[in-house]
Structure formats: C-alpha cells, structure tokens
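Sequence order for the protein chains is A and B.
Residues in the first sequence are numbered from 1 upward in steps of one, following my numbering.
Residues in the second sequence are numbered from 1001 upward in steps of one, following my numbering.
Note that CB positions come from ideal geometry on N, CA and C, so glycine has one too.
Number of protein chains: 2
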Amino acid sequence: MRFEALTIKDIAKALGLSTSTVSRALRDSYEISPETKKLVLEYAEKNNYHPNPIALSLKERRSRSIGVIVCEIANSFFSQTINGIESIAYNNGYNVIISQSRESFDREMINLQYLTSRSIDGLIISVSTETRDFSFLKELHERGMPIVFFDRIVDEIETHKVIVDNYKSAYDATTHLVKNGYQHIAAVSNAAYLSITKERLAGYRAALADNGIAVNEDLIKHCHHGGMILVEVEEAVNELLQAPEKPDAILTTSDKLTTGCFRILKSKGINVPAEMGLVGFSNSDLTELLDPPLTIIKQPAFEMGEIAMNLLLQLIESKRPVKEFETRVLASELITRGSTVAKKAKPKTLA
Amino acid sequence: MRFEALTIKDIAKALGLSTSTVSRALRDSYEISPETKKLVLEYAEKNNYHPNPIALSLKERRSRSIGVIVCEIANSFFSQTINGIESIAYNNGYNVIISQSRESFDREMINLQYLTSRSIDGLIISVSTETRDFSFLKELHERGMPIVFFDRIVDEIETHKVIVDNYKSAYDATTHLVKNGYQHIAAVSNAAYLSITKERLAGYRAALADNGIAVNEDLIKHCHHGGMILVEVEEAVNELLQAPEKPDAILTTSDKLTTGCFRILKSKGINVPAEMGLVGFSNSDLTELLDPPLTIIKQPAFEMGEIAMNLLLQLIESKRPVKEFETRVLASELITRGSTVAKKAKPKTLA
DNA sequence: ATCGTTACCGGGAACGATTGCGTAAATAAA
DNA sequence: TTTATTTACGCAATCGTTCCCGGTAACGAT
C-alpha cells in the first residue's frame, strides 16, 4: 500500500484554479494576485503540500542526489569523510547515496553502474585497492558526469581531487621512526599502483635515503585487498619476520593495515614498541586506547569530505564545462604515542 | 553541464517506430514481432540504452529507494547493520539513503522530513537517544509509510521490529560480573525512556536480584547524548566514583558508552579489571586489542540489518495493508575477556 | 463476400511539476 | 472614444516511460 501525497492538481481542483496558477502562486510569481497567492499558500500549508521531487527531477533533468563510493563505511577515515560530505550536501539540498566497494573492483563497477543508472548528478569516489582499469570512470567523466576524487585518486582523469600530503606524511612518520632509533624499517602497504601507495612509499623511501639508510625492497609488502582480509596482512608480517634483515619497525599506509598489523603482532606475542615499532595511517579514535597506544598519521577526514563536496557542487552547478581543475592537498597530523618508543632511543613523549 | 542519455523516443525516431512499440519491444511484449524486437534490442544494446529511473518512478509512483536513519555510521554496530541492509536492498533493486541523527532529536526530524520529501518507499530506523516524541513517526506510519524499527524501537508504533534479547544480554553480562566476584555493579546507560535502556536495565536489575544483591539506584547513570559527548560520560563515571557505595564494576549498555567509560577510566588511571570491572555492549573489533581487552556483548548486527530489510520489503511489496507484525528477537553473544577478571575471583578465561 | 481472429503497431493520456505563450478584462494613455 | 498597456490567469507542451485504447492488415472460416 502506498500513501497518496497531495499534488498541485489536487490544489487546483479544490480551489477552482489551473495547475499553472497554483504552481506560480507557490513559487511566488509576480503574475499572480496577492489574494490568489494567499489562498493557495494557505491551502498548501494546511494540507501539508510538498512538491514531488521525482516530478521535479524529471522536469529539471537532475536528481539532486550524488553518489559516494568508498571501500567501507566502517572505516573511521571514510565515515568521517562521509560526515563532511553530508554536512555540505544537506545544506545545499542534495542527498547522498553511499555505496561500498569493499575493496573489490567488481563491486565498485556494480555500484558505479547502479548509481549512474539511478541518475545521480555527481560522484565522489575513493577507488578500491583492486581498481586498475579506469575506462568506465573515464567514459563517465567524458560523457560529462561531475566527479571528485579523494584519498585514492586517479591520475589519468582530470578533475578536482582532494588528498593529504601523502609524501610528506609518510616522510615524517618514517623520519620519526629513524629518530627514535629504528634502523630496519618495513612498509606494509596497499596495491602498488594505488595513488596513496605510490605517494606514501615515495615519502618512505625518501626519508630512509635522507637518513642514510638503504631501501630494502624485501621490507616493502603489498596487501592487494587493503587489509580487508586479515590473512593477507598476516602473510605480509610473516614474510617480514622471516626476512634476512628482520625489521624493527613497520610503517602501515592505511587504517585497516594499521590495526591489522597491530593485531597480528599482538597475536604473535611480539612486543610493540620494543621488538617492533609501529606507525600507521589511521583515523580511529580507539588507537590511543590500545596497548600500547598507537602512533598514527591522522588525516583531516571531515574537512576533506567538506572540500570534496564543495568542489563537486562547483562542477554540478557550473553553467559551462569546467576546464580548470584543482587538487587540494591538506596537511596530516603525526600523533606520536607508545608504539614507536624504542628501547635504544631517547623517547620524545611517553603516552 | 549535463550528459544527455538515450531515451526511448530517440530509439523510436531512429528506427521509425513509435515510442509504444519501442517500450513494448524492450519489455519483450508478445504484441511485438520478433524482427522488431531484435531491431530495437540491438539498437538499445549498441547505444547503451538505460531506462530513466526517474521517469519510471514518476510513472510507478515508487522511488525504489529506502531511507535508513541511525545515530551515526561511525559506530561499528550501525555500520554493520547498514551492511546487512544494503546487501539485501541491492539484491532487490533498491538503493539506500543513509542519514545520521547524531543522537539529536532535531536532526532526526530534519532527516526524516528530508527523506520523506524525497519520496522514499520505506524506512528503517533506530531512534536517537533524545527522541521521546514519536508523533511524526506515528503520523508517517498512519499515512501508510512502511517502517521497520531495529535496536532502539518504539513500542507504541505497531510494525515490524528487530532487536536482540536485551533483557537476557544484560542479565547474562551482569551475572558474569557477579560470578567473577564483583559486588557493587554500576550501570551506565542511555536515556531512561529508550527501549534498549529499559530492557537492558531490567535484565541488569533482575540479575542482581537473582543473585541476592540489592539494586542501588545511585549506581545507575544515564547519558542523554548516548556518549556522543565524552563529558557526560566523564560526569557519570565521576559520580560513580564518588558514590557512598563505590562500584567495583560497570555495565555499559551501548557501544559509545563502553569505549567512553573505558577511555575515562584509563585517563583516571583506574585499573581495569582490578579496581573496576567493565563489560558493555559493543560491536567494535578493536575492543579485543585494548588494554585490557574488553569483555563485550556483541550483537549480530549484519544479520539484524538483513532481517530488517527483508521485513521492510514485505511491507513495501505487499498488495494489501499488512496487519500482522512481528518482532524478531535475536541472541547476542557474551565474549569474556580481560576487563572482567577480578582479583577476588577465579578467572574463567585469560585473554 | 462477409465475418471473426490473430498479429502488430501507433495515438495519446497519464504520472507531477514548470513555463512560454495566448488572452480576457481592467486600467491607463492618446 | 480608441488604442496601449498592465494584470491575472489558463492552455498546452515538456521531461521519459507505460499502457489503455484503438486501428489495420492478413488470413481462414463460413
């Protein structure tokens, strides 16, 4: 069963007017006399009239809804980003349809097709760790769909993008490890072709180089499911522990990997930070309650969401095709805590 | 700028047919000759035709989208429930519009009005901890909007509901505390009028009574923002610590309260579980990595979402008004860990 | 030759809203 | 008084789709 909403036609019939007059009265057109306006407005108010958004969408050829695709909403970074997106969206009369790729290319494609077939006005996306084929996104973009990338961006598609300074973030975190006396620093990262992986590992390599430490490729591991499957993190950690040059610290490049590595280390009874330092990207507010509290790189997720949505609004509401695109690069925050206090170093802070 | 999609009219013009014929050919009507069908289908396929969902919505007077309102998606319990909802929704061609009340009645109302004005076909909701006035929901329900409640349900509205056995969950958790030698057990809960608060506190009280422990009302605290504001949790804990009969354990009745209490206790340097045992409802997978690992009551959140969505589909797709409603009560799981191992008790398990 | 069937297809009215255009009456200007 | 102009409203097209009516052939049966 369905509940029937009041339409403009109902009002017209009830008041003996035409639908045009009612429509114009409701939109406060100058063509309508004050008396008629009052009549219509009062009737509409009293009977709780709301314009049918679907009819409007059909007429205006816009749905006033945007799509957001992230790998998972349970991830603190993404849920915070979504909060930022929503806050701007709602203020501008847009609603947000969220879908999750769960780090799978196939699911991302399905969601993408679903969203576009639901005629969204724009798209904000952080691609899955599996995604290497951007042809669908590219085609979508070329056909005129406004798209904003954030976090995991796609270099080959020219549009607005929002990221943190991944290079510097990883550089600083790695430097922090070195300064605390760690010598053999490993990295556990996402798939190699992912933008955040490339940029963060570049920062990691540079920091090592600048500190006179040779980069050991054996100490760089990739998790192709981004840590969604704990087993792959376990394998990465196992390989590190069995490496000829066993690492004494790990840098993890995303939320799921950070907690995943920590979980594995703990289950193996490896002492953090004494045996193994750990610093990673994370936006979870529980990391400070862990044992030991984790040193993390925290991204301004909410703000990133706000910016992404504002940029998308620019694209959607621009009259002419936008040709000038910007990539907003924000600063992240390194929060040093107990997981990176090495025995051999003089601790900077004690959590 | 907007990208123009292919319409049925375009196909009709290109093929020299009428829109009716094209429409029928696409829907494989018996009235259309195999040749024409083939012609239309091939043209549609080649030119990537997709029916306009908005036009369909207008015609069919249904949007094929449902609304979900929770207090926040960053909460593990809710994000898991949403995953369950989505999985069923997508399989049935529905999309999900999520919005967050952030435990505020006002925001819940705004979201509710927004969602209904966007003509959703149905609603799944867990009300905010502030919500006492259900008149809007009631009116919506009476006007025929299909609604399913989960977690925080509304007794006075008769429709499908999905919950865990809150009474038993709290009873078992409290009993667990008693069996571990805790004597003065406090409860930190949400607003008193909330369904989960009432049911869980009833279980708590009964467990104390059954174990011959008098219920001390001073040890029952309510957080009216559900722990969204840490300060209110801190106040509750402070009051407990200053109570004449200082508690030696706390039962928390929701995710945010559990981690909130733990955070406060830790910041005060109070030893858990020796000085203060802690058990609470939580679906976060990080609780086992905390120091100490938390004993939690875990709800089958994903499954709850699946069930809620299936029940909603029943309501939406029923031809006649549904009169028979069911309340699905699922079992929760008590996972005992380090936060409830008291000195004076013989520990059951060591995490 | 006429009728009834069957097979195919098109016209046009919905769904709910907006909007360009036309027009009647009322008023102002000539 | 005649002509312009303004005021205030209705008609009908439009958005993309479906579906109720038709209608027109072709064909076999009477």
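Measuring only the C-alpha atoms, how far is ALA209 of chain A from TYR167 of chain A? Near 14 Å, if we compare the C-alpha coordinates of TYR167 of chain A and ALA209 of chain A.
Looking at HIS1225 of chain B and GLU1103 of chain B, is the spacing between their C-beta atoms short of 8 Å? yes
Partners in chain A for VAL1118 of chain B, counting only beta-carbon separations shorter than 9 Å: Note that residue 1118 of chain B is Arg in the sequence shown here, rather than Val. Simply PRO53, ILE54, ARG64, SER65, ASN95.
If we define contact as Cβ-Cβ less than 8 Å, is LEU278 of chain A a contact residue for chain B? no
Using the three-state DSSP reduction, which class does LYS1009 of chain B fall into: helix, strand or coil? It is helical.
Buried or exposed for LYS1038 of chain B, going by 16 or more other Cβ atoms inside 10 Å? exposed
Compare the Cα-Cα distances from HIS184 of chain A to each of A:SER318, A:GLU217, A:VAL154 and report the closest residue. A:GLU217
What does the alpha-carbon distance come out to for the pair LYS1348 of chain B and THR1336 of chain B? Residue placement at LYS1348 of chain B is poorly supported in this model, since its pLDDT is 46, which falls under 50; the coordinates still yield a value, given next. Roughly 9 Å between the two C-alpha positions.
Within the continuous alpha helix (DSSP H) that includes GLU234 of chain A, where are the two ends? Here the alpha helix (DSSP H) through GLU234 of chain A covers 230-241.
Cβ neighbour criterion (16 or more within 10 Å) applied to ILE1008 of chain B: buried
Counting only the same chain and skipping the five closest in sequence on each side, list residues whose C-beta sits under 7 Å from that of THR1304 of chain B. It is worth fixing the name first, because residue 1304 of chain B is Met in this sequence and not Thr. Closer than 7 Å at the Cβ level, and outside the excluded window around MET1304 of chain B, lie THR1081, GLY1084, PHE1150, VAL1162, LEU1330.
Leaving out five residues on either side along the sequence, give the residues of the same chain with a beta carbon under 8 Å from the beta carbon of ASN1310 of chain B. ILE1088
Identify the contact partners of PHE262 of chain A in chain B, using a Cβ-Cβ distance below 7 Å as the criterion. LEU1289
Use the C-beta contact count for TYR30 of chain A: other C-beta atoms within 10 angstroms, 16 or more gives buried, fewer gives exposed. exposed
Between the C-alpha atoms of ALA207 of chain A and LYS268 of chain A, what's the straight-line distance to the nearest angstrom? 29 Å
Start-to-end residues for the alpha helix (DSSP H) that takes in SER195 of chain A: 195-210
Taking 8 Å as the threshold (C-beta atoms), are GLY67 of chain A and GLN97 of chain A in contact? The residue asked about is misnamed: residue 97 of chain A is Ile in this sequence, not Gln. Cβ distance < 8 Å, so ILE97 of chain A and GLY67 of chain A count as in contact.
If we ignore side chains and look at the alpha-carbon of each, how far apart do ALA351 of chain A and PHE325 of chain A end up? Any reading at ALA351 of chain A must be qualified, since the residue scores a pLDDT of 42, below 50, and its modelled position is unreliable; no value is offered.
Threshold first: 3 residues or longer. Then list the beta strand (DSSP E) segments lying entirely within the region 1084-1171 of chain B, N to C. 1095-1100, 1122-1125, 1147-1150, 1160-1164
What are the residues that DSSP puts in a beta bridge with LEU290 of chain A? B:LEU1290
Taking the beta strand (DSSP E) that THR295 of chain A belongs to, which residues open and close that run? Following the DSSP letters along the chain, one finds THR295 of chain A inside the beta strand (DSSP E) bounded by residues 295-298.
Against LYS1266 of chain B, what residues of chain A qualify as contacts under a CB-to-CB distance less than 7 Å, listed in chain order? LEU289
Given a limit of 7 Å on CB to CB distance, which residues of the region 1123-1141 of chain B reach chain A? none
Using a Cβ-Cβ cut-off of 6 Å (strictly less than) and excluding sequence neighbours within five positions of VAL1215 of chain B, which residues of its own chain qualify? ARG1205, LEU1208
Simplified DSSP assignment, three categories, for SER65 of chain A: strand
Under 8 Å between C-beta atoms of SER1332 of chain B and VAL1164 of chain B: yes
Within 8 Å of any Cβ in chain B, is that where the Cβ of HIS50 of chain A sits? yes
Run of the beta strand (DSSP E) containing LEU1219 of chain B, from where it starts to where it stops: Premise fails: LEU1219 of chain B is in no beta strand (DSSP E) and is neither H nor E.
Note down the Cα distance separating THR1019 of chain B from ALA1012 of chain B, rounded to an integer number of angstroms. 5 Å
Under the DSSP definition of a beta bridge, which residues are partnered with ALA186 of chain A? For ALA186 of chain A, the pairing in a beta bridge is given by DSSP as A:ILE250.
Give the secondary structure of GLY1280 of chain B by DSSP, where H, G and I count as helix, E and B as strand, and everything else as coil. DSSP places GLY1280 of chain B in strand when its eight states are reduced to three.
Measure the C-alpha to C-alpha separation of ALA1014 of chain B and ALA1074 of chain B and round it to an integer number of angstroms. 50 Å
Coarse secondary structure for LEU1330 of chain B, derived from DSSP in three states: Three-state DSSP puts LEU1330 of chain B in a strand.
Buried/exposed call for PRO1244 of chain B, threshold 16 Cβ in 10 Å: exposed
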